[in-house]
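In UniProt numbering, the protein residues as written are 1 to 530.
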């Protein structure tokens, strides 16, 4: 045999043994007169070392380049401490090569073959034979092979017969269009590729083969979707003399064994949900239970309301009014809600209404903020969830640096216009970084135009969309009444509204009086300049 071992199968137990490897040169390195070749095959990589003591072999190794196909014979040895590679299956050993044969040379590949290379799909398909060499692709094909082997073992052990059914047949009325193959012997007539083995497996049942399976190729001429392709493979099963519960039990056990053998993941008994319940709770016959969005019937609560949009369907025996709680959707722009309104109409809904709810106490509780500390949080109580509340807890300030997407629901295209009344109360706009930006729940270091500083000590404690006007105390919105010293203590350099020449300079909060820097005039000087 040309090879004695696969590269990825070498380990410490082979220390001192002679091995012969065949594969592709994944990379070549020359370190101080010693040449290292990482040789790749379907099982992984192995490092081969060539030293100058064997001059002829060393000269061959010096001419080798990436993707050369080589055959190497050498002796396995342990790598020195500190030189082991935990990211390789054979990372604890290396092969000291003393024979090298180049089986095939190669040109420079059109794209790198490392696992994380970002290559366009068109290029990958044009050079598919190279794309399949990538470790990522090899792992997928090996996983698929393990899956089919596990399925075959299980079904064989449970009395199923693997029967191949014909590919060329007559057209049959099914759910999609057929792919047709012209007949040479009968001009003008066509064979049809099977959309499924349905007719053939029914013949098997009538003939007495009560348990059949096949890893079957199917062909359907239909538009591409995420779960539909013109050519696909399916696990095709047919049984006789079994009821529904028997078939469900066989399938569940097959899936549990499959995940255990292939991924070493164990499942408990599968929960069962009737079709009617799935449609009522999730609006789908195949809901993703990882997503905790569930339809809740609220018709009983809306039968007596004056708003006919709700009370009408609530009192209609054939109607339904359901609510869907979407955490974090309070900041969703109106345009997106309008898109959802059109979307639900496709599936028969008459309309979509929405309500923004503020669950303040729960958010405080989830953030671990006691009631006595809530009073010291300066009233800045936007419904922004747990992480942002933790941000304020991490650094309590009288001023909050915020950005437009964080403060408004997006229904006003230009937040600057909304916040720029012609008066001495005009808001001051800043560009810069704040130590803890609530929108991003973390540190920012780059410019972010359109942010501004808010005083959270006034009576307002919530941004209620269109109530966010000019900061008047009586409007019950967030005020902006920081003194000039306080503003300059938070942001070293500022420009009045409307000036696009913003500069990013941030200093920690200081206690007035504040000493201006060389580039920043004092507040009273800035007022005189304006």
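Even glycine gets a Cβ: it sits at the ideal position worked out from N, Cα and C.
Bear in mind the structure is a predicted one, so any value in this text is a computation, not a measurement.
What whole-angstrom Cβ distance do residue i and residue j have, given they're in contact under 8 Å?
| i | j | result |
| --- | --- | --- |
| residue 95 | residue 72 | 7 Å |
| residue 14 | residue 93 | 7 Å |
| residue 90 | residue 27 | Not quite, the Cβ-Cβ distance comes to about 15 Å (not below 8 Å), so this is no contact. |
| residue 98 | residue 57 | 6 Å |
| residue 78 | residue 12 | 6 Å |
| residue 341 | residue 348 | That belief does not hold up - the Cβ atoms of residue 341 and residue 348 are roughly 13 Å apart, past 8 Å. |
| residue 278 | residue 287 | 6 Å |
| residue 212 | residue 204 | 5 Å |
In angstroms, rounded to a whole number, what distance separates the CA positions of residue i and residue j?
| i | j | result |
| --- | --- | --- |
| residue 303 | residue 290 | 32 Å |
| residue 191 | residue 167 | 9 Å |
| residue 271 | residue 6 | 43 Å |
| residue 224 | residue 230 | 7 Å |
| residue 493 | residue 344 | At residue 493 the pLDDT is 25, less than 50, meaning the model places this residue with poor confidence; the figure from the coordinates comes in the next sentence. Roughly 49 Å between the two C-alpha positions. |
| residue 495 | residue 280 | Annotation note: pLDDT 26 at residue 495 (below 50); position unreliable, coordinate value reported separately. Near 56 Å, if we compare the C-alpha coordinates of residue 280 and residue 495. |
| residue 237 | residue 39 | 42 Å |
| residue 295 | residue 284 | 11 Å |
| residue 193 | residue 30 | 55 Å |
| residue 215 | residue 178 | 20 Å |
| residue 198 | residue 227 | 20 Å |
| residue 22 | residue 43 | 11 Å |
| residue 46 | residue 149 | 27 Å |
| residue 3 | residue 269 | 46 Å |
| residue 9 | residue 263 | 20 Å |
| residue 18 | residue 155 | 41 Å |
| residue 410 | residue 182 | Bear in mind that a pLDDT of 33 at residue 410, under 50, signals an unreliable position, so the number given afterwards is only what the model happens to contain. Cα to Cα, the separation comes out at about 58 Å. |
| residue 1 | residue 32 | 34 Å |
| residue 413 | residue 325 | Low confidence applies to residue 413: its pLDDT is 30, below 50, so where it sits in the model is not reliable, and the reading given next is rough at best. Between residue 413 and residue 325, the C-alpha separation is close to 27 Å. |
| residue 106 | residue 131 | 15 Å |
| residue 222 | residue 81 | 58 Å |
| residue 256 | residue 275 | 22 Å |
| residue 16 | residue 266 | 39 Å |
| residue 84 | residue 74 | 19 Å |
| residue 476 | residue 301 | Confidence is the limiting factor: at residue 476 the pLDDT is only 26, short of 50, which leaves the residue's position unreliable, though a coordinate-based value still follows. Their Cα atoms are separated by approximately 31 Å. |
| residue 51 | residue 62 | 10 Å |
| residue 219 | residue 175 | 11 Å |
Quick check on this structure: which residue in the options has the alpha carbon closest to the alpha carbon of residue i?
| i | options | result |
| --- | --- | --- |
| residue 298 | 312, 110, 210 and 261 | 312 |
| residue 233 | 286, 344 and 196 | 196 |
| residue 133 | 37, 110, 155 and 347 | 110 |
| residue 208 | 240, 226 and 317 | 240 |
| residue 217 | 254, 261, 183 and 163 | 163 |
| residue 160 | 123, 193 and 254 | 254 |
| residue 20 | 44, 179, 100 and 325 | 100 |
| residue 170 | 144, 156, 154 and 200 | 200 |
| residue 59 | 34, 339 and 331 | 34 |
| residue 250 | 151, 74 and 172 | 151 |
| residue 261 | 277, 107, 146 and 314 | 146 |
| residue 330 | 318, 354 and 346 | 354 |
| residue 68 | 108, 88, 51 and 86 | 108 |
| residue 25 | 53, 55 and 112 | 112 |
| residue 282 | 310, 244, 323 and 309 | 323 |
| residue 334 | 356, 140, 139 and 136 | 356 |
Looking at the secondary structure, which residues open and close the beta strand (DSSP E) in which residue i lies?
| i | result |
| --- | --- |
| residue 155 | Not the beta strand (DSSP E): residue 155 falls in the alpha helix (DSSP H), residues 135 to 157. |
| residue 321 | From DSSP, residue 321 is part of no beta strand (DSSP E); its letter is neither H nor E. |
| residue 206 | Taken as a continuous stretch (DSSP letters only), residue 206 belongs to no beta strand (DSSP E), being part of the alpha helix (DSSP H) at 198 to 206. |
| residue 108 | No beta strand (DSSP E) holds residue 108; DSSP gives it neither H nor E. |
| residue 77 | 69 to 78 |
| residue 182 | 180 to 182 |
If you follow the alpha helix (DSSP H) that residue i is part of, which residue opens it and which one closes it?
| i | result |
| --- | --- |
| residue 354 | Run containing residue 354: none; DSSP gives neither H nor E here. |
| residue 309 | 308 to 315 |
| residue 93 | That residue, residue 93, is in no alpha helix (DSSP H); its beta strand (DSSP E) goes 93 to 104. |
| residue 130 | 128 to 131 |
| residue 60 | 55 to 63 |
| residue 300 | 299 to 302 |
| residue 275 | 275 to 282 |
Using the DSSP secondary-structure output, state which residues sit across from residue i in a beta bridge.
| i | result |
| --- | --- |
| residue 253 | According to DSSP, residue 253 bridges with nothing at all. |
| residue 37 | 28 and 48 |
| residue 169 | 192 |
| residue 235 | 215 |
| residue 348 | Its beta-bridge partners do not exist; DSSP assigns none. |
| residue 242 | None, per the DSSP bridge assignment. |
| residue 537 | Beyond the ends of the chain as shown, which are 1 and 530, falls residue 537; an answer cannot be given. |
| residue 162 | 213 |
| residue 221 | 177 |
| residue 296 | 323 |
| residue 228 | 225 |
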